Amino acid sequence: MNVCRGIAADLNAKGRDHTADSFWQAAVGESHRLADHASSYGIDVHDIGAEAARRRSTP
Numbered sequence: 001m002n003v004c005r006g007i008a009a010d011l012n013a014k015g016r017d018h019t020a021d022s023f024w025q026a027a028v029g030e031s032h033r034l035a036d037h038a039s040s041y042g043i044d045v046h047d048i049g050a051e052a053a054r055r056r057s058t059p
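Numbering-wise, the UniProt record's numbering puts 59 at position 59 of the sequence shown, and it's gapless, one number per residue.
In structure tokens, the structure reads:
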């Protein structure tokens, strides 16, 4: 989802509506597809993000 947020931020900084952008829509669709795939293996993508954030903040 960070990729989607980055795309949205770039578009918004240019004064464009990210929700109407086909590249952003495709990125969101792919993000959801990957989250569903991970879920089928019992992986919660939010847990992965939380663990990555924890590791970044740990010296």
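Every residue gets a Cβ at the ideal spot worked out from N, C-alpha and C, and that includes glycine.
Values in this document were obtained by computation on a predicted structure and should not be read as measured data.
Asked, Found
"Cβ separation of ALA38 and VAL45, assumed to be a contact under 8 Å, to the nearest whole Å", "5 Å"
"Nearest to ARG3 (by Cα), restricted to the options ASP17, GLN25 and ARG16", "A quick correction: the sequence has Val, not Arg, at residue 3. Closest by alpha carbon: GLN25."
"Extent of the continuous alpha helix (DSSP H) to which ALA7 belongs", "Checking the sequence shown, residue 7 turns out to be Ile, not Ala. Its alpha helix (DSSP H) spans residues 2-13."
"Check: ILE48 C-beta below 7 Å from any heavy atom of the ligand HEM", "As far as ligands go, the structure on display features none, and thus does not contain the ligand HEM."
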